[in-house]
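In this note's numbering, the protein residues as written are 27 to 290. The beta carbon of each residue, even a glycine, is placed where N, CA and C say it ideally should be. Everything on this sheet refers to the single structure shown next.
Given below as structure tokens:
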């Protein structure tokens, strides 16, 4: 028996929200692809767990994309089984997203250590692994950085220490010897303002604070991630809100289909 009255409105809303789910799925796919492309080289030199994050976002987007079509079919055919399955799958996706958000918050401090370990491991293997070497070179050029924290990190690698050199991808100037006897004049050395000192507590005879603090590729990648995390968070909150509404309306439609008469 076809739904009538208020349930027709609910049926329409299920269609509308499934369209929104479809858009959310596309958005997640786009974010996953963007993160994979933008951080491709950073992910190559990091650990497998960090490299899987954009893939996880991409997979989640694809799943939501297909679930939205499943919900549309259930609403169109007024199938209690399909609408119930849609509501259950959407609830599972919502719970997974909540768990992922909690895990991300709990382990947020480990992101830097994981990235640094992977980066330094890639530095040690520089020149031995062709794919890793190319990834490291492209990353340093793209982020205009050199080394994990600054260009002196390369002096910990034997082959660079004995010749007092750094990879040519560190060069900010185009010359044949730019990577020999590196200095801030020839090598990328991003800088940031130092932490604000407590001026009142400093002695007038204290040495002046540095005008800048060197930073390397780790800080540059972190800054990029912090700049874009707000976009990811906003999209995630929007998706979660519409998922809750979709679950509520799907449950209402399930009740209407099962009863076979107007309930609103």
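For residue 143, the uninterrupted alpha helix (DSSP H) segment begins and ends at 136-150.
Around the Cβ of residue 112, a 10 Å sphere holds 16 or more other Cβ atoms; the residue is buried. Leaving aside the five residues that flank residue 96 on each side, the residues in its chain whose CB is nearer than 6 angstroms to its CB run, in chain order, 112. Three or more beta-carbon pairs drawn from the stretch 173-183 and the stretch 201-218 are found closer than 8 angstroms, and the two stretches are therefore classed as touching. Rounded to the nearest angstrom, the gap between the Cα atoms of residue 250 and residue 105 is 46 angstroms.
The beta carbon of residue 193 lies closer than 6 angstroms to none in the same chain, with the five residues before and after it left out.
For residue 146, same chain residues with a beta-carbon under 7 angstroms away, outside a window of 5 residues either side, are 174 in chain order.
In terms of Cα proximity to residue 114, the closest of 190, 269, 184 and 133 is 269.
Residue 161 and residue 60 have their alpha carbons spaced roughly 17 angstroms apart. Only exposed fits residue 260, as fewer than 16 other CB atoms lie within 10 angstroms of its CB. Within the model, the alpha-carbon separation for residue 110 versus residue 273 is close to 10 angstroms.
In the three-state reduction of the DSSP assignment, residue 191 falls in the strand class. Taking a C-beta distance under 8 angstroms as the contact criterion, residue 138 and residue 248 qualify as a contact pair.
Look at residue 119 here: in three-state DSSP terms it is helix. A distance of 8 angstroms or more separates the beta carbons of residue 151 and residue 141.
Between residue 121 and residue 87, the C-beta gap is not smaller than 8 angstroms, which leaves the two residues out of contact.
Taking a C-beta distance under 8 angstroms as the contact criterion, residue 277 and residue 171 do not qualify as a contact pair.
The beta-bridge partner set that DSSP reports for residue 206 consists of 191. It is roughly 5 angstroms from the alpha-carbon of residue 44 to the alpha-carbon of residue 94. The DSSP-derived three-state label of residue 213 is strand. Assignment of beta-bridge partners to residue 197 by DSSP yields 213.
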